[in-house]
Amino acid sequence: KRTVADARCPRCNLEEEDCNHNFRGCPTTKEVWKLTQLSWILNNTQDTLWNWLTWVFCRGSNEQCRLFCCGLWIIWTSRNKFVYENKQSTSRDISIKILDFISELRGIEEKKLILA
């Protein structure tokens, strides 16, 4: 295991790292949301992560919420790969992973419909 001594964001090194910064304040993350057509989620300034998540889920379509959840997951895993394995991903890399995963989910759903 690796201990993280510096509290700053490992991606941008600009601010202290917390969930709000990881998922909506980091320049890399902001670019990911733009590249995945979810930049509208950054228009809200809810103070807590929970309030922000609730706001997104109340306003997004089912498809947008699915994309958002996938985005949160891949942003977090890419952050961990950078911190613990020194594998850095650009906002474009992360966006492609998100969109590829969503496409894979759609394909699975289509196969289920065909086989049903």
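Last residue of the sequence shown: 129 in the working numbering, with the numbers rising by one and none dropped. Even glycine gets a Cβ: it sits at the ideal position worked out from N, Cα and C.
beta-carbon residue i near the ligand HEM non-hydrogen atom, thresh 6 Å
| i | result |
| --- | --- |
| TRP65 | No copy of the ligand HEM occurs in the structure displayed, which carries no ligand at all. |
Close beta carbons around residue i, own chain, < 6 Å, minus the five adjacent residues each side
| i | result |
| --- | --- |
| ARG24 | CYS39 and THR41 |
Under the three-state DSSP convention, the category residue i falls into
| i | result |
| --- | --- |
| ARG24 | coil |
| GLU44 | helix |
| GLU29 | strand |
| SER116 | helix |
| ILE121 | helix |
| ASP106 | helix |
| THR90 | helix |
Closest Cα partner of residue i within the set the options
| i | options | result |
| --- | --- | --- |
| GLN101 | GLY73, ARG92 and SER108 | ARG92 |
Contacts around residue i, its chain only, beta-carbon distance under 7 Å, and the 5 residues preceding and following it disregarded
| i | result |
| --- | --- |
| ILE107 | VAL45, ILE87, ILE88 and SER91 |
Sequence-distant residues of the same chain with beta carbon closer than 8 Å to residue i, five excluded per side
| i | result |
| --- | --- |
| GLU30 | ALA20, ARG21, CYS22 and PRO23 |
| THR49 | LEU80, GLY84, SER108, ILE111 and LEU112 |
| THR103 | THR41 |
| ARG37 | LYS43, TRP46, ILE54, LEU55 and TRP65 |
Check your understanding: Is the stretch 104-117 close to the stretch 77-94, with three or more CB pairs under 8 Å?
Key -> yes
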